[in-house]
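Residue numbers (the numbering used here): 306 to 566. Below: the structure, in structure tokens.
See below:
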């Protein structure tokens, strides 16, 4: 029931970090993997990395915030590879700026990529899924779909909105055998978070590293491959009666108030 054989999975920004891990997991479960990015060089590099793992992926260029580019991209995928069965809305950015210092343009950019792009992608893929008899949409949410924190007002607003978009897609298209769920990663050890885990000059851990470990019952950062099982579950027939759910993969942070000082 966890097999993705004969399924076509599209992972937006499936070129590095979490996106690469999600793409790898889908492919290793049997899916035909399609990745997307707005830079051709990123696609080319990722395809070579997938190839080293024995995965023959397909790459498509397109800006997920532009509806015309997405429509053209999805049409090409449907015609050249096949109708998309699994959509993983992974593309996202974060800008860490105090709210009163954040420009409206920066706020809008985060909303465009983290919330409007998943809407555009789902809108483009749902008709094909309906015609095919069903499909899976997996939105990469965040703990910030539930929590706020300093300097991430735009990100939290976008991810909170993405949580509710996930639930609403379930509400609108569940009768069409489309399951739309989300994954909410905790703090994941990637290249982007590496500076937050660096040992300081005096040999002590980075303050943010100490903060995360103190807040995480698992007492470690997550790894990209910790998301492999969850994405395969939500992409497979094992989750056919799971809909509108956000699966938090956070080592227990959301269940824990933290250590007493």
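For every residue, glycine included, the Cβ atom is placed at its ideal position computed from N, Cα and C. Treat the numbers as computed from the prediction; the structure is a model and nothing was measured.
Collapsed DSSP secondary structure at residue i in the structure displayed
i: residue 487; result: strand
i: residue 355; result: helix
i: residue 553; result: strand
i: residue 478; result: helix
i: residue 363; result: strand
i: residue 641; result: Lying outside 306 to 566, the shown extent of the chain, residue 641 is not represented and no answer is given.
i: residue 466; result: helix
i: residue 569; result: Outside the shown range of the chain (306 to 566) lies residue 569, about which nothing can therefore be said.
i: residue 473; result: helix
i: residue 349; result: helix
With 16 other Cβ atoms within 10 Å as the buried cut-off, status of residue i
i: residue 560; result: exposed
i: residue 509; result: exposed
i: residue 392; result: buried
i: residue 380; result: exposed
Minimum C-alpha distance to residue i - residue among the options
i: residue 554; options: 323, 566, 420; result: 323
i: residue 452; options: 418, 433, 491, 419; result: 491
i: residue 363; options: 347, 370, 371; result: 347
i: residue 395; options: 526, 447, 344; result: 447
i: residue 385; options: 335, 365, 509, 400; result: 365
i: residue 516; options: 563, 429, 336; result: 563
i: residue 307; options: 333, 496, 326; result: 333
i: residue 397; options: 434, 422, 530; result: 422
For residue i, the residue or residues it bridges with in DSSP
i: residue 501; result: According to DSSP, residue 501 bridges with nothing at all.
i: residue 317; result: 341
i: residue 527; result: 493
i: residue 444; result: 394, 487
Assumed close pair residue i, residue j - CB separation to whole angstroms, cut-off 8 Å
i: residue 463; j: residue 416; result: 5 Å
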